[in-house]
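Residue numbers (the working numbering): 261 to 511.
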């Protein structure tokens, strides 16, 4: 597959991850939470021409992360083996539509999504063990319900957030198991452990000479195709996409 052709006319590009063959426009990328996919978007990479063919994409996380930190207090002497954690909330949506140029999630549907991480094989201690989830946050806050299976028994807890979960951030909820049961503490909100803002560069090489020409360019010299970037950084036509590819649209 050929690279998109660039002319002297300035264009822009936008990227999203993972590539979706069902997306018909970069403004409406379908996302869902059941697969726990880490969807990402770039915003615009501007001023692309045949003289300046590098598009640098700073990828941002589109969903919100819920981190459950399981802690065993010093006075808990029972079985500390944690096998599963389930979270649910009317503030968790099942599906949405992502605009890769802005990161805005719209057309949210399926309130009340539930997510489970099982077969954990964790042994709790006073430091805590983390269990991570990815959620599509609703526009308004709602109670978050937790069920932790520890020592073969289920322990439940509920937290009422002060505001809706923010996309692109990790919201950590600490659940402490003591002789009195499972207790929650205040939420701690952090960035994505330094991962927020991953950068990738793809060189969009002009094809057919310095002026650039070809089917990927419309009459104004702007690319109108959708391409993908592979895990090795190669720009290929969308027909060659694999699940680990980044989708790139040229405008």
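Ideal placement from N, C-alpha and C gives every residue a C-beta, glycine not left out.
For residue j and residue i, believed in contact at Cβ under 8 Å, the rounded distance
i: residue 299; j: residue 291; result: 5 Å
i: residue 365; j: residue 396; result: 6 Å
i: residue 435; j: residue 329; result: 7 Å
i: residue 441; j: residue 339; result: Rounded, the Cβ-Cβ distance is 14 Å, inconsistent with contact.
Counted within 10 angstroms of its Cβ, other Cβ atoms place residue i as buried (16 or more) or exposed
i: residue 293; result: buried
i: residue 349; result: buried
i: residue 334; result: exposed
i: residue 418; result: exposed
i: residue 274; result: buried
i: residue 345; result: buried
i: residue 362; result: exposed
i: residue 439; result: exposed
i: residue 331; result: buried
Residues of its chain near residue i, where Cβ-Cβ distance is below 6 Å and the 5 sequence neighbours each way are ignored
i: residue 276; result: 289, 301, 360 and 507
i: residue 400; result: 424
i: residue 287; result: 359
7 Å CB neighbourhood of residue i in its chain, flanking five on each side removed
i: residue 392; result: 325 and 327
Nearest-angstrom Cα separation, counted from residue j out to residue i
i: residue 473; j: residue 285; result: In this prediction, residue 473 scores a pLDDT of 30, lower than 50, which makes its location untrustworthy; no coordinate-derived value is stated.
i: residue 416; j: residue 443; result: 9 Å
i: residue 387; j: residue 427; result: 27 Å
i: residue 375; j: residue 296; result: 9 Å
i: residue 383; j: residue 341; result: 5 Å
i: residue 433; j: residue 390; result: 10 Å
i: residue 409; j: residue 420; result: 21 Å
i: residue 381; j: residue 337; result: 18 Å
i: residue 356; j: residue 377; result: 22 Å
i: residue 385; j: residue 398; result: 33 Å
i: residue 445; j: residue 402; result: 17 Å
i: residue 371; j: residue 422; result: 18 Å
Proximal residues to residue i (C-beta, below 8 Å), its chain only, five neighbours per side dropped
i: residue 373; result: 293, 294, 348, 349, 352, 353, 354, 395 and 396
i: residue 452; result: 321, 325, 428, 429 and 430
i: residue 414; result: 407 and 408
i: residue 449; result: 426, 429, 430, 431 and 432
Local conformation of residue i per DSSP, three classes
i: residue 438; result: strand
i: residue 374; result: strand
i: residue 447; result: coil
i: residue 402; result: coil
i: residue 423; result: coil
i: residue 336; result: coil
i: residue 275; result: strand
i: residue 303; result: strand
i: residue 323; result: coil
i: residue 527; result: Any answer about residue 527 is impossible in this case: the structure gives the chain only from 261 up to 511.
i: residue 428; result: coil
Any non-hydrogen atom of the ligand GDP within 7 Å of residue i CB
i: residue 366; result: Inclusion of the ligand GDP in the displayed structure is not the case, the ligand content being empty and no account of it being possible.
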